[in-house]
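Numbering (the numbering used here), first residue to last: 122 to 396.
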């Protein structure tokens with residue numbers, strides 16, 4: 122029968138234990154395979170065999186060695202095992218499915234309806250962030266999806282999280298502002314939205330019409346954007362000028378010019394100098 126690789130009760134290689142026991146037996150000091158002596162001898166080779174034997178007899182007589190071994194066994198038995206990766210993935214899937222009000226099978230599957238898709242993206246992101254799984258590994262738990270499909274889900278989930286974080290930041294900022302500042306900020310946002318819609322209509326960008334370029338094609342678009350931003354908000358000339366990088370008088374002139382060209386309501390005098 123082949124000897125075990127490690128000597129029972131010691132954790133040391135059997136070959137080392139046999140050599141040590143043979144040496145002690147030749148010296149007439151150690152006639153038995155006492156684990157207490159073997160372990161101490163292997164850990165403290167500088168100690169004399171007689172001293173080790175005396176200490177082992179004391180340990181065995183008091184029962185400390187057996188007590189320590191028993192305590193170690195109890196600790197190993199009592200320590201909870203870390204759940205497997207599969208069990209942790211299943212837990213994440215169950216949590217996300219319950220939160221979305223759908224079944225786990227639907228979460229794993231190919232349903233592209235909003236609750237299923239959002240829950241699937243969040244579950245993929247959690248598996249990546251909390252468990253450190255690769256896209257290929259995650260795909261095995263989602264109906265065998267490929268790494269590229271999982272990567273797309275992960276990127277969408279990260280983008281949604283960033284957008285939510287930005288919205289939370291804006292919400293916190295709005296809470297810190299006074300009522301007047303809050304209204305002014307909303308009006309500025311509305312003015313930029315209007316300007317962007319008009320820029321898109323003319324196949325331009327918001328950055329182009331806010332820039333200080335004097336191109337004739339941009340001048341007409343900029344004039345139109347400023348007029349409708351003035352018409353649909355309660356911002357003054359100076360506030361509109363700040364958004365478009367121009368002075369209050371320049372903005373007022375562009376707005377009046379667009380109104381006269383198209384027969385629209387023109388501002389009286391300087392119009393609204395302030396909000």
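Each residue gets a CB set at the ideal place from its N, CA and C atoms; glycine is no exception.
Burial state of residue i (16 or more Cβ within 10 Å)
i           : result
residue 321 : exposed
residue 237 : buried
residue 354 : buried
residue 318 : exposed
residue 249 : buried
residue 254 : buried
residue 342 : buried
residue 367 : buried
residue 186 : Here the model assigns residue 186 a pLDDT of 47, short of 50, so the residue's position is not dependable, and the following value carries that caveat. Residue 186 should be labelled buried.
residue 369 : buried
residue 202 : exposed
residue 377 : buried
Euclidean distance between Cα positions of residue i and residue j
i           : j           : result
residue 365 : residue 335 : 13 Å
residue 309 : residue 350 : 9 Å
residue 379 : residue 385 : 8 Å
residue 373 : residue 304 : 22 Å
residue 230 : residue 331 : 47 Å
residue 247 : residue 289 : 20 Å
residue 228 : residue 286 : 25 Å
residue 259 : residue 213 : 12 Å
residue 194 : residue 233 : 51 Å
residue 211 : residue 243 : 14 Å
residue 388 : residue 352 : 9 Å
residue 301 : residue 360 : 14 Å
residue 252 : residue 206 : 8 Å
residue 383 : residue 340 : 15 Å
residue 338 : residue 209 : 60 Å
residue 344 : residue 316 : 10 Å
residue 204 : residue 198 : 15 Å
residue 91  : residue 333 : Any question about residue 91 goes unanswered here, given that the chain covers just 122 to 396.
residue 312 : residue 282 : 27 Å
residue 291 : residue 306 : 11 Å
residue 329 : residue 224 : 49 Å
residue 381 : residue 245 : 57 Å
residue 257 : residue 324 : 41 Å
residue 326 : residue 235 : 31 Å
Reduced DSSP category for residue i - H, G, I as helix; E, B as strand; rest coil
i           : result
residue 377 : helix
residue 316 : helix
residue 365 : helix
residue 339 : helix
residue 330 : helix
residue 232 : coil
residue 259 : helix
residue 299 : coil
residue 266 : coil
residue 385 : coil
residue 186 : Interpretation of residue 186 is limited by its pLDDT of 47, a score under 50 that renders its predicted location unreliable; the figure taken from the coordinates is listed afterwards. Of the three classes helix, strand and coil, the one that applies to residue 186 here is helix, per DSSP.
residue 202 : coil
residue 370 : helix
residue 323 : coil
residue 359 : helix
residue 213 : helix
residue 347 : helix
residue 354 : coil
residue 254 : coil
residue 224 : coil
For the region 274-287 and the region 213-228, state whether three or more C-beta atom pairs, one from each stretch, are separated by less than 8 Å. The region 274-287, when compared against the region 213-228, does not touch it at the 8 Å Cβ threshold.
Is there contact between the region 283-300 and the region 263-270, where contact requires at least three CB pairs shorter than 8 Å? Not touching, per the Cβ criterion.
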